[in-house]
Structures are given as C-alpha cells and as structure tokens.
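All remarks here apply to the structure that follows.
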Amino acid sequence: MEWDWDFAWSILPQLLHGFQITLIATFLGAIVAAVLGLVFAILRRSQNKFLSRTTAFVVEFIRGTPLLVQLYFIFYVLPDLGIRLPALTAGVIGMGLHYATYTAEVYRGGIEAVSRGQWEAAKATNLTARQTWTHVILPQAVPPMIPAMANYLLAMFKETPLLSAITVLELMNQARSVANSSYRYVEPMTMVGVMFLIVSVISVVALRWLEHRYGRVGR
Numbered sequence: 001m002e003w004d005w006d007f008a009w010s011i012l013p014q015l016l017h018g019f020q021i022t023l024i025a026t027f028l029g030a031i032v033a034a035v036l037g038l039v040f041a042i043l044r045r046s047q048n049k050f051l052s053r054t055t056a057f058v059v060e061f062i063r064g065t066p067l068l069v070q071l072y073f074i075f076y077v078l079p080d081l082g083i084r085l086p087a088l089t090a091g092v093i094g095m096g097l098h099y100a101t102y103t104a105e106v107y108r109g110g111i112e113a114v115s116r117g118q119w120e121a122a123k124a125t126n127l128t129a130r131q132t133w134t135h136v137i138l139p140q141a142v143p144p145m146i147p148a149m150a151n152y153l154l155a156m157f158k159e160t161p162l163l164s165a166i167t168v169l170e171l172m173n174q175a176r177s178v179a180n181s182s183y184r185y186v187e188p189m190t191m192v193g194v195m196f197l198i199v200s201v202i203s204v205v206a207l208r209w210l211e212h213r214y215g216r217v218g219r
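Residue numbering for the sequence shown follows the UniProt record's numbering, starting at 1 and increasing by one per position.
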C-alpha cells in the first residue's frame, strides 16, 4: 500500500488529539507515581513492623502483576464493587499506582544513601520528623534520584498504548480507530511511531542532561 499524503494530513488532527490525551495521562500518572512512591518508601521505613511489612507486600504484589491486568481490574472489576471511574481517571490511577512501586524503590535507595550522621544531626538539633524529612533528608536524597525517575517517566509514556484496552482515546486507540474505519494502516501506524520516536529522542536527550547534572550529586 502506497503512502497517501492527503489521507495522512486528514487524520493528523485526530491523532494529535490522541497524542494530547497520551501526554495528559503520562503527566498525571507521573504525579501520582511520584507522590504515592514517596508515601510507600516512607511507610516501608516505619518502625511499625505491621505497617512496613504490609506496605512491602503491597508494593511487591503490584510490581509482580502486569499493568494491563491492573488496568482491567480498576476499570472493569471495581464497578462490580460499586466504584465506577472514567476511563482516563482509571488509566491515570492504574499507571500511577503501578509505577509508584518502582519509584518507591528509587526513593528508598536515595533515602538510604543519606548518611546516618545526617539523621543524628537532625535529632541532636531537636528537629521534628517533618522538619527532618523536608529540610535535611529529602533535599539530599532527591537530586541523585532525578535521572532514574525521569527514566520511569519515559517508560510510562511508552506504556500508554495499554490504555486503549480500557477505551481511553489515546494516540494508539485513535490510530487503530482510523485504521479500522479506513482500512489503511500504513499512515496512522507510521505517524504514531514517529510521534513516539520524537518524544523518546527528546526524552533521551533530557535524560542525558539530567544524568550529567544530577547523576553524580552526593558521590
């Protein structure tokens, strides 16, 4: 099948709309993953063994199951329990929760890399737990984490086509819709690949800069 530029231009607005949904899902999912990952990391350090072990079990369980299964559960199973979520909301929660288990390990590694003396110094100066975390530990732990966190953000972006399984009209779903209605697959699938490639190349360049800027902090 030959490439048809007129057809490609005609479907571009629909694909760009899907691309916008993809970026929104990635951005919101990244926020959920970053915040929830920090919560998981802190809970796993709790001196309450029940709390820390329960959190560890939840984290390992989510990491050990496929994202697609989790998306299906949130969107198709939860309604049977009386919890109904819009497709995009379910997708954001599913991706955010899944990647929170990975960012939690990044947080945990960064936090444990802070020397014990910093904790003791904060305690010696009578800082509260909140002050210790916000003014002493996290400012030292976060910068070295940034390259790894950005890498997971890129991975999340590449996973967004899975959202089409729960009817989110993201980029891949829009391309599939165009292909199924027109019986032309070359243009939509090629354009999707190019869009993902452009974002991936930009992200790789940004990652290299982040690794150069923050990767050696604290070493």
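For glycine and all other residues, C-beta sits at the position ideal for the given N, C-alpha and C.
Residue i burial status per 10 Å Cβ neighbour count (16 or more: buried)
i	result
A124	exposed
N173	buried
T134	exposed
Y107	buried
residue 220	Missing from the structure shown is residue 220; the chain here goes from 1 to 219 and no further.
G218	Legend: pLDDT at G218 = 43, less than 50; position of this residue unreliable, value from coordinates given subsequently. Exposed.
A194	Here residue 194 turns out to be Val, not Ala, going by the sequence shown. It is exposed - the Cβ of V194 has fewer than 16 other Cβ atoms within 10 Å.
L15	buried
T26	buried
V205	exposed
E60	exposed
K49	exposed
V201	exposed
T55	buried
For residue i, the nearest candidate out of the options (CA to CA)
i	options	result
L169	A87, P13, S52	A87
R213	W119, R63, S203, P147	P147
L36	T160, A104, I111	A104
T101	R116, S115, R84, Q70	Q70
E2	T190, S203, G117, L210	T190
L28	A129, G96, Y76	G96
I209	Q118, R130, P143	First, the residue type needs correcting, since residue 209 is Trp and not Ile in the sequence shown. Taking only the C-alpha atoms, the option nearest W209 is P143.
T89	R45, A175, H17, I24	I24
Beta-carbon gap between residue i and residue j smaller than 8 Å
i	j	result
L67	H98	yes
L153	G91	no
L171	V199	no
L38	S52	no
A122	V136	yes
P188	I11	yes
I111	A141	yes
Y72	A165	yes
I62	I74	no
Any non-hydrogen atom of the ligand ZN within 7 Å of residue i CB
i	result
I11	The ligand ZN is not part of the structure shown, which contains no ligands of any sort.
Counting pairs of beta carbons, one from the region 3-11 and one from the region 183-192, are three or more of them closer than 8 Å?
yes
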